[in-house]
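In my numbering, the protein residues as written are 161 to 311.
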């Protein structure tokens with residue numbers, strides 16, 4: 161199960177962390193009238209997590225001792241998780257697999273144009289005339305979400 165947590169500031173727009181957690185920048189929600197932009201950021205973070213498992217990143221950064229501890233006790237020290245999360249959040253966003261990301265948009269039936277328009281991502285856009293995209297959120301629900309995030 162994926163959980164999305166809105167955070168005050170995140171340069172990449174969204175990042176995936178271990179445990180099915182996706183951090184989403186507040187500005188992504190408050191800065192646009194189109195929920196497809198936020199959906200695009202979540203899809204991009206999810207696609208990045210599929211490409212490189214966030215837990216694998218934690219274990220590589222934490223080292224063999226932490227990996228062994230996880231295997232024997234089921235526990236990862238909080239400082240190792242915190243260090244990995246800090247490194248992930250501080251890292252520059254890389255949109256290096258536009259074909260895979262375009263496929264994620266197509267599979268989710270979400271238009272990639274709004275996301276690409278705000279990020280400059282080079283995505284293969286299926287023409288709106290060729291495909292009917294599902295409604296991500298109604299206008300009322302989107303405004304309600306924006307209001308919740310602004311309070």
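Built from N, CA and C at the ideal position, the CB exists for glycine as well. Quick caveat: nothing in here was measured; it's all calculated off a predicted structure.
Scanning 274, 311, 249 and 276 for the CA closest to the CA of residue 185 turns up 249.
Between residue 305 and residue 210, the CB-CB gap reaches or exceeds 9 Å. The continuous beta strand (DSSP E) containing residue 176 extends over residues 174–177. In the three-state reduction of the DSSP assignment, residue 194 falls in the coil class. The criterion of a C-beta distance shorter than 9 Å is not satisfied by residue 207 and residue 173. By the Cβ criterion, the stretch 239–248 is in contact with the stretch 211–229, since at least three pairs of Cβ atoms, one from each stretch, lie closer than 8 Å. For residue 308, the uninterrupted alpha helix (DSSP H) segment begins and ends at 299–310.
The continuous stretches of beta strand (DSSP E) do not include residue 218, which lies in the alpha helix (DSSP H) extending over residues 214–222. Non-local C-beta neighbours of residue 161 in its own chain, meaning closer than 6 Å and more than five positions away in sequence, comprise 180, ordered along the chain. The Cβ atoms of residue 218 and residue 178 sit closer than 9 Å to each other. Partner residues in the beta bridge of residue 166, as assigned by DSSP, are 184. Relative to residue 183, the option among 197, 195, 196 and 168 whose CA is nearest is 168.
By the CB criterion at 9 Å, residue 222 and residue 268 fall outside the cutoff. Counting along the chain, residue 234 sits inside no alpha helix (DSSP H), nor does DSSP assign it H or E at all.
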